[in-house]
Structures are given as C-alpha cells and as structure tokens.
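Before any comments, here is the structure.
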Amino acid sequence: MHQSNDIGCSFAFSSHTMDNRSTSKSIDKQSSSITDTDEIQLFPAKTASYFNVLFSGFALLSDGYQSGIINFVNLFLFRIYGSGIFNDTMRSRLSYAMFVGAVVGQLGFGLVIDRVGRKFGLIATTALVIVGAAFSAASYGTTVDGLLWMMIVARGILGVGVGGEYPCSSVSAGESADEVSPGRRGFLFVMVTNFVIDLGFVLSAIIPVILLAIFKNNLEPVWRISLGLGVIPPLSVLYFRLKMADSERFRTSSLTKRVPYILIFKRYWFRIALTSGLWFVYDFVSFPSGVFSSIIIDSVANTDSLIQVVSWNILLYSFYLPGCIVGAYSVDWIGRRKTLTIGLILQGIIGMILGGVYEPLSKNCIPMFIVMYGLFLSLGEYGPGPTMGLNAMELFPTAVRGTCYGIAAAVGKIGATVGTLAFLPMVDAMGGYRGPFLVGSGIAIGAGIVAWCFLPEIGEDGLTSEDESFKAYLVQNGFDVSHFGISDPVLDDETIANKNYHSIAQH
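See below:
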C-alpha cells in the first residue's frame, strides 16, 4: 500500500489507546477497500493545510509587536533616565539590536529549514522568541547601564528568533497556501504574514496606552509589561507547531543532501540580488519611519502627555492595516510586479510632499500631518510590504526556498539597521525630520522603476513550474535528481486504522 497520498494530514495528533493486534486485524479486513485512488482526503487533509497556513504565520505577530513596542520603550526610558544616560547612542543600540539578531536568524534558519525541515525551524524560532521576550522584560543590572546592556543582549536573542520566523513561517505558510488555493496564494500568504506583522505594530501602540492609564507616571512597570506581553504570540502557537509536519511540497521537492550550490547560484544570482536589493530599500525607508514615529510625534505634538503622544501613534499605525488588506487583494488581482511598483512610486510621491511641507504642516495642523504620515506608511504596506516576502517565496524552488528567502530577508533587515542608524544623523545633517522623508522617498521611486523593469511575474502554478524547471536545469548539468524529496514516515497501525475508519464512514 502506497503512503504518499495517505499522509496528507500535516497535523498528526497521536494517541495510543488502541491495541495493535486488534488494529492489525481491522486493517486486514479493510485493506481491500483502500487504494491510492480512494478519496481518503479526509477532513484533516484540507483542514490541516489551513491550520499550517494559520499557525505558520501567526507568530510573526511578535515581529510587528516587538519592532513597534521598542519605539515606546525608548520614549519611556528617555523620560525615566534622561539624555545623560539614555542618549542617542544607547537609544540606537536598543533599537537595532533586534535587527542585528534578525540577520543571523534569517540566514541561519533559512539554511536550516531547507536541510532539516520546516517544522524544526518553526519550533526553534518559537523558543528563541519566548526566551528573548522574557529576558527583555526581566532586564536587570547593578547600574542603569548594566540594565540597558542586558536588554540589548536579550533583544539580540529575540532578534535571532524573530528573524528566523521570516523564512520558517513565510515559506511554510506560502507552501501550505498553495495546497489550499493556488489562485489565492498571494492573498492568503499576505494575510497570515504581512497583515499579522502590521497587526502587531497596531497592538504595540494600543498596549502602552492601556498601561499608562493604569500606572500613570510610574513608567517602569509600563515598559516591562509592554515587553513581557510579547511572549504571548509565540506561546499561543507553540503547541500547534509541535503537532505540525512539513508541507507536502517540501516532502516531495526538498534537497537535503549533496546540494549543488554553485549551479544554484549560477541560475538564481540575479533573482537573489533583485529581491534582496528591493527588500533593502523597503526596510531602509519604512522601518525607521515606524521605529522613530513616537519621537517624531513627540517633537511636533508640543505636549508633556505621554498618553496623547502614544494615542497619536495608534492612529498612525492603524494606517498599516487597510494598506496591507488592499495589497493582499491586489497581488492576485493585478499581479505582484504592478502592486510593488505602484506602491513604491506612490509612497515616494507622498513622502516628497510630506518632506516638502513638513515644517508648516507639523506646526500648524498636527491631524493632517498624522494623516499624511499614515498614508506614507500605508502605501509602503500596500506595495512593498506584501510583495517582498511573496516574491522571495515564489521566485525560488522548494529545495532552496528557505535559503534564498533568508538571504533576501537578511539583506532587508540590514537595510532596516542601516536606516535606523542613519535616521538621526540625517535629521541633524538636513535640518530636521524632513530629511529622512525626502531621501527615503527618492530611493523608493527609483526602486519602483527597477521593480517594473526587472521583476518577473509569477502565476498561480508558479511554485510547481519553478520546481520542474529547476530539476530540468540540474539534469541538463549532469546532476542526479533521484534523491529529491524525503521519504514519508512509516504510518503506525493506529494512523492507518483511523484513515480506514474515516474512509468507511464516508462510504
């Protein structure tokens, strides 16, 4: 009896309540009615793919939340310790510590999930996020500098986990979304990855307002609880990830040994460079604009009320969500390339306008300034936000999808780190916060032109056709493709019996 069609259930909830001998007898009586072509596509088969999509991507909420919450933690720490201790240098270290760790996680886990498996990477990154978030909230030192350095190190550990989530979650979610509905793969992928990240940003603005209302001017429990709540998203999916298995596409098209990296580089070097470069630009422009938003708003709000400053950030971050939702529909409707190009160019235009009228607008009409700022961020989530991960997932074959995705995402995080480090120097050099908007917008428009000219469009059968063309390419170059895929685990008696039971029930 072949097993490849029967192991469609990616969630394997196992118990041992049946007697093996009676199970074997049951199987013998029923085996004649079970064949490869029987419709044993039980409720777990399709439902499992939905669960894989959902629980693969949900922990990315931590990335959005942790990237956004540090924005407010910086503000709280500055109010507590002042500029003498919590200066620009320390603030930047704390802001980019997670980005540096993320680069390590993206590169390392991108390779791991291709060689070892998607499930292993998902569990490992979940554990790292839990540990990093917990230690960030529990940061302690005999001096303030010691406390801050512990937080920086903990944020670095957190970054390795969050960075690893990118290739692990996104690749697994994309492959499972393809099994659910290839024609809506883009929409499903964006909604469980980029939308979840954006939702994390919004929550990172709401939580501090609630805590400030509770603790008033006692800011230490506010920043500690804010960081500690970041443990909840990974904890909520850990159990389900332990029960997951690798996607069907990975089991049939992976390459876990004798990987021809030279041939792979020759075929995909341009796509790697293109996806990496575009992601670098997106993160260089968008991440600092989000990370430093509370500082920007604090500088123009002309108020000592922290709740008011953070409340403005809730409105600002809320612009992320509609942009992402429209982008999720757009990637399947007009295509990835057009969505990315339109988003980048429109973001650049709005950014140029915002930079040009920054001074009079921020001084005379703060609500309009927030709306313009929000549109700038929203357009980033309409175009480049959904398509960066989607392109990095679709443009490469299953065998090296995690590795190539990890490289592109890591270069993107380097862009975020460079942008974060360059943000305040640009502010000083260009006479205010208008400088980063003008520079970033010009770069975004240029990136939009590059995307339009060079980015290939991927159809609904793109994952399958890319795997097939990759294997054909390897064959042409004399590589043995007989060891593609991994053997399915041997089904235990209970699993077979349960499948037989459901098959009989259906008939």
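Taking the numbering used here, the leading residue of the sequence shown gets -9, the next gets one more, and so forth. For glycine and all other residues, C-beta sits at the position ideal for the given N, C-alpha and C. All of these numbers come straight from a predicted model, not from anything done at the bench.
Would residue 201 and residue 212 be called neighbours here (beta carbons separated by less than 8 Å)? Walking along the sequence shown from the start, residue 201 turns up at place 211. Walking along the sequence shown from the start, residue 212 turns up at place 222. Cβ atoms of residue 201 and residue 212: closer than 8 Å.
Would residue 203 be called buried (16 or more neighbouring beta carbons within 10 Å of its own) or exposed? On the sequence shown, residue 203 is found 213 positions in, with the first residue counted as 1. Around the C-beta of residue 203, fewer than 16 other C-beta atoms lie within 10 Å, and the residue is accordingly described as exposed.
Distance between residue 454 and residue 426 (C-alpha atoms, nearest Å): Mapped onto the sequence shown, residue 426 falls at position 436. Mapped onto the sequence shown, residue 454 falls at position 464. Take the alpha-carbon of residue 426 and the one of residue 454: they are about 42 Å apart.
From residue 287 to residue 267, what distance separates their C-alpha atoms? Numbered from 1 along the sequence shown, position 297 holds the residue referred to as residue 287. Numbered from 1 along the sequence shown, position 277 holds the residue referred to as residue 267. Using only the alpha carbons, I get a separation of about 30 Å.
So, using beta-carbon positions, are residue 417 and residue 423 closer together than 8 Å? Walking along the sequence shown from the start, residue 417 turns up at place 427. Walking along the sequence shown from the start, residue 423 turns up at place 433. With contacts defined by Cβ atoms closer than 8 Å, residue 417 and residue 423 form a contacting pair.
With a CB to CB cut of under 7 Å and the five nearest residues on each side skipped, what residues in its chain are close to residue 379? Residue numbering aside, residue 379 sits at position 389 when the sequence shown is read from its first letter. So the qualifying residues of the chain are 160, 183, 184.
Per the contact definition of three or more C-beta pairs closer than 8 Å, is the segment 326 to 340 in contact with the segment 367 to 377? Taking a cut-off of 8 Å for Cβ pairs, the segment 367 to 377 and the segment 326 to 340 touch, as three or more such pairs fall below it.
Relative to the C-alpha of residue 120, which residue among 449, 148, 106 is closest? As a first step, residue 120 is located in the sequence shown; it is residue number 130 there, counting from the start. It is 148.
Taking the continuous alpha helix (DSSP H) assigned at residue 413, which residues delimit it? The residue given as residue 413 occupies position 423 in the sequence shown. Here the alpha helix (DSSP H) through residue 413 covers 391 to 419.
Length-filtered (4 minimum) alpha helix (DSSP H) runs lying within the segment 313 to 383: Segments of the alpha helix (DSSP H) lying fully in the segment 313 to 383: 326 to 346, 348 to 354, 356 to 372.
Enumerate in chain order the residues of its own chain whose CB-to-CB distance from residue 438 is below 6 Å, with the five nearest sequence positions on each side excluded. As a working note, residue 438 is residue 448 in the sequence shown. The answer, listed in chain order, is 331, 334, 335.
For residue 221, the nearest candidate out of 242, 190, 265, 163 (CA to CA): Looking up residue 221 in the sequence shown gives position 231. Across the set 242, 190, 265, 163, the C-alpha of 190 shows the shortest separation from the C-alpha of residue 221.
If you count every other CB in all the chains shown that lies within 10 Å of the CB of residue 295, and 16 or more means buried, which is it? By one-based count along the sequence shown, residue 295 stands at place 305. By the 10 Å Cβ count, residue 295 comes out exposed.
First through last residue of the alpha helix (DSSP H) which encompasses residue 69: Translated into positions along the sequence shown, residue 69 becomes position 79. Segment 51 to 75, the alpha helix (DSSP H) holding residue 69.
At the level of alpha carbons, what is the spacing between residue 74 and residue 139? Along the sequence shown, read from residue 1 onward, the residue named residue 74 stands at position 84. Along the sequence shown, read from residue 1 onward, the residue named residue 139 stands at position 149. Straight-line Cα distance between these residues: approximately 16 Å.
Output yes or no for whether 8 Å exceeds the beta carbon distance between residue 327 and residue 450. Within the sequence shown, residue 327 is the residue found at index 337, counting from 1. Within the sequence shown, residue 450 is the residue found at index 460, counting from 1. For residue 327 and residue 450, no; Cβs fall outside 8 Å.
Cut-off 6 Å between Cβ atoms - residues of its own chain near residue 398, not counting five sequence neighbours on either side: Against the sequence shown, residue 398 aligns to sequence position 408. So the list reads 265, 266, 269, 382, once near-sequence residues are dropped.
Give the single residue among 406, 214, 431, 364 whose Cα lies nearest to the Cα of residue 345. Sequence index remark: in the sequence shown, residue 345 carries index 355 (1-based). Answer by Cα proximity: 431.
Alpha carbon of residue 415 to alpha carbon of residue 302, nearest angstrom: As a working mapping, residue 415 is identified with position 425 in the sequence shown. As a working mapping, residue 302 is identified with position 312 in the sequence shown. For residue 415 and residue 302, the distance between alpha carbons rounds to 25 Å.
Between the segment 157 to 171 and the segment 42 to 54, can you find at least three pairs of beta-carbon atoms closer than 8 Å? Counting Cβ pairs under 8 Å, three or more are found: they touch.
Just to confirm the assignment, what range does the alpha helix (DSSP H) spanning residue 135 have? Stepping through the sequence shown from its first residue, residue 135 is reached at position 145. For residue 135, the uninterrupted alpha helix (DSSP H) segment begins and ends at 134 to 170.
Between the Cα of residue 340 and the Cα atoms of 401, 355, 368, 243, which residue gives the shortest distance? Numbered from its first residue, the sequence shown carries residue 340 at position 350. Of the candidates 401, 355, 368, 243, the residue whose Cα lies closest to the Cα of residue 340 is 368.
Taking only three categories from DSSP, how would you classify residue 450? Here residue 450 is taken as the residue at index 460 of the sequence shown, counted from 1. Coil.
Let's see if you can read the secondary structure: which residues bound the alpha helix (DSSP H) around residue 224? Stepping through the sequence shown from its first residue, residue 224 is reached at position 234. That run of the alpha helix (DSSP H) goes 222 to 232.
What separation, rounded to the nearest whole angstrom, lies between the Cα atoms of residue 118 and residue 126? Numbered from 1 along the sequence shown, position 128 holds the residue referred to as residue 118. Numbered from 1 along the sequence shown, position 136 holds the residue referred to as residue 126. Per the coordinates, the alpha-carbon of residue 118 lies some 12 Å from the alpha-carbon of residue 126.
I need the straight-line Cα distance from residue 389 to residue 110, nearest angstrom please. By one-based count along the sequence shown, residue 389 stands at place 399. By one-based count along the sequence shown, residue 110 stands at place 120. Residue 389 and residue 110 have their C-alpha atoms roughly 16 Å apart.
Residue 255 versus residue 246 - alpha carbon distance: In the sequence shown, counting from the first residue as 1, residue 255 sits at position 265. In the sequence shown, counting from the first residue as 1, residue 246 sits at position 256. Here the C-alpha atom of residue 255 lies approximately 17 Å from the C-alpha atom of residue 246.
Nearest candidate by alpha-carbon position, reference residue 86, set 413, 40, 421, 420: As a working mapping, residue 86 is identified with position 96 in the sequence shown. Looking only at 413, 40, 421, 420, the smallest Cα-Cα distance to residue 86 is reached by 413.
Would you report the Cα separation of residue 164 and residue 108, rounded to the nearest angstrom? Taking the first residue of the sequence shown as position 1, residue 164 is located at position 174. Taking the first residue of the sequence shown as position 1, residue 108 is located at position 118. If you draw a straight line from the Cα of residue 164 to the Cα of residue 108, it comes to about 12 Å.
In its own chain, which residues sit with a C-beta less than 7 Å from the C-beta of residue 291, not counting the 5 before and 5 after it? As a position in the sequence shown, residue 291 is number 301, starting the count at 1. Excluding the 5 residues flanking it on each side, residue 291 has same chain C-beta neighbours closer than 7 Å at 298, 299, 302, 356, in chain order.
Using only alpha-carbon positions, find the residue among 195, 348, 465, 458 that is nearest to residue 64. Position 74 of the sequence shown holds residue 64. Looking only at 195, 348, 465, 458, the smallest Cα-Cα distance to residue 64 is reached by 195.
How big is the Cα-Cα spacing for residue 530 and residue 105? Nothing about residue 530 can be read from this structure; the chain reaches only from -9 to 497.
Whose CA, out of 393, 366, 129, lies closest to the CA of residue 141? On the sequence shown, position 151 is the one that residue 141 refers to. Comparing Cα positions, the closest option is 129.
For residue 237 and residue 499, the rounded distance between their alpha carbons: Past the edges of the chain, shown from -9 to 497, lies residue 499, and the structure says nothing about it.
Between residue 166 and residue 39, which are expected to be in contact by the criterion C-beta below 8 Å, what is the C-beta distance as a whole number of angstroms? Stepping through the sequence shown from its first residue, residue 166 is reached at position 176. Stepping through the sequence shown from its first residue, residue 39 is reached at position 49. Contact between residue 166 and residue 39 holds: their C-beta atoms lie close to 5 Å from each other, under 8 Å.
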